[in-house]
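*Asks:* Structure in C-alpha coordinates, see below.
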Amino acid sequence: MSYVLKHVSQLFLLSSCCSGLLNIMQH
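Mapping of the sequence shown onto our numbering: position 11 corresponds to residue 90, and the numbering continues sequentially without gaps.
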(Lines of atoms letter the chains of each structure in order from A; the text may use other names.)
(Lines give C-alpha, C1' and ligand atoms only; values in the text may rest on other atoms or scores of the structure.)
Protein backbone atom coordinates (compact mmCIF):
# COMPACT_ATOMS: atom_id res chain seq x y z
CA MET A 80 0.00 0.00 0.00
CA SER A 81 2.75 2.44 0.95
CA TYR A 82 4.53 1.56 -2.31
CA VAL A 83 1.46 2.64 -4.30
CA LEU A 84 1.20 5.92 -2.37
CA LYS A 85 4.91 6.57 -2.95
CA HIS A 86 4.50 5.88 -6.69
CA VAL A 87 1.46 8.16 -6.91
CA SER A 88 3.26 10.97 -5.07
CA GLN A 89 6.21 10.68 -7.50
CA LEU A 90 3.85 10.86 -10.49
CA PHE A 91 2.12 13.89 -8.93
CA LEU A 92 5.45 15.66 -8.43
CA LEU A 93 6.50 14.82 -11.99
CA SER A 94 3.23 16.10 -13.48
CA SER A 95 3.43 19.31 -11.42
CA CYS A 96 7.02 19.89 -12.60
CA CYS A 97 5.98 19.31 -16.23
CA SER A 98 3.05 21.74 -15.94
CA GLY A 99 5.40 24.32 -14.37
CA LEU A 100 7.85 23.97 -17.25
CA LEU A 101 5.01 24.36 -19.77
CA ASN A 102 3.88 27.51 -17.95
CA ILE A 103 7.42 28.95 -18.17
CA MET A 104 7.68 28.08 -21.87
CA GLN A 105 4.31 29.70 -22.65
CA HIS A 106 5.43 32.99 -21.04
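C-beta: ideal position from N, C-alpha, C; glycine also.
I'd like the list of long-range same chain contacts for Leu90, defined as Cβ closer than 6 Å, with 5 residues on each side in sequence excluded.
*Replies:* none
*Asks:* Compute the Euclidean distance between the alpha carbons of Leu93 and Val87, then round it to the nearest angstrom.
*Replies:* 10 Å
*Asks:* In this structure, how does DSSP classify Met80 when only helix, strand and coil are distinguished?
*Replies:* coil
*Asks:* The ligand FMN and Met104: does any heavy atom of the ligand fall closer than 7 Å to the residue's C-beta?
*Replies:* Summarising the ligand content, the structure contains no ligands, and the ligand FMN is consequently not present.
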